[in-house]
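First residue of the sequence shown? That's 0 in numbering that gives the first Met the number 0, and the numbers climb one at a time after it. Comments concern the structure below.
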Amino acid sequence: MSLADAAGYLLGFDVGTKMIGVAIGHPLTGTARALATIKVAHGKADWNVLDVLVREWQPVAMVIGLPLALDGSEQEMTGVARTFGKRIAARYAVPVHESDERFTSKEAARRFASQRAQGTAKRKHGADIDALAAQIILESWLALPGNSGTST
């Protein structure tokens, strides 16, 4: 059974050392949207916030952005993201997928700048850029063949 057949929500994550961006998406539509940011303090995510999001959306799977170096090699943050993925897989008993997140921060900054230029975002919403990065990670993963119900 594919994710498209499961017909449930996915949560996507942009894992950082101070904030974790969260997005929600659906494989039937192949779309995602920024949802929230979760604070990270002393290397630990605010699990209470994540527990609430999981209860509310009941995801069938989660997608972790995998921060790779430009040449595709792993770096320190790659391990941090993988560890977070293992923790959420164990905590919520759902599949966790990894998605290459190279260039998502630049794309998130570009989209945020565009939103500011259009007047739909303000500088004070800058923390939302992490959730926007999670949206891009999830959109990218859903666009891969076999990961959504949409066809091209």
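Note that CB positions come from ideal geometry on N, CA and C, so glycine has one too.
So residue i packs on residue j, CB below 8 Å; how close in whole Å?
| i | j | result |
| --- | --- | --- |
| Y8 | W56 | 5 Å |
| L65 | D99 | 6 Å |
| G20 | A133 | 4 Å |
In this structure, does DSSP put residue i in helix, strand or coil?
| i | result |
| --- | --- |
| R32 | strand |
| E100 | coil |
| V21 | strand |
| A153 | An answer regarding residue 153 cannot be provided, because it is not within the stretch 0 to 151 covered by the chain. |
| M76 | helix |
| G71 | coil |
| D129 | helix |
| V51 | helix |
| G145 | coil |
| G64 | strand |
| L153 | As displayed, the chain neither begins before 0 nor continues past 151, which places residue 153 out of reach and without an answer. |
| G11 | strand |
Are residue i and residue j touching if we call contact CB-CB under 9 Å?
| i | j | result |
| --- | --- | --- |
| K38 | M18 | yes |
| E97 | R86 | no |
| A33 | A44 | no |
| G24 | L131 | no |
What residues in its chain sit with their C-beta under 8 Å from that of residue i, if we drop five residues either side in the sequence?
| i | result |
| --- | --- |
| L67 | E73, Q74, T77, D99, E100 and R101 |
| L69 | R101 |
| A142 | G29 |
| V53 | L10 and Y91 |
| V95 | A60, M61, V62, I63, G84, K85, I87 and A88 |
| P144 | none |
| W46 | R90 |
Whose CA, out of the options, lies closest to the CA of residue i?
| i | options | result |
| --- | --- | --- |
| H41 | G84, V95 and G15 | G15 |
| I63 | A89, L10 and G145 | L10 |
| T36 | V51, L27, P26 and G145 | V51 |
Output yes if chain B places a C-beta closer than 9 Å to the C-beta of residue i; else output no.
| i | result |
| --- | --- |
| A6 | This model lacks chain B altogether; it includes just one protein chain. |
What residues in its chain sit with their C-beta under 7 Å from that of residue i, if we drop five residues either side in the sequence?
| i | result |
| --- | --- |
| L49 | I37 |
| V93 | P58, V59, A60 and M61 |
| A31 | G11, A22, I23, G24, Q134, L137, E138 and L141 |
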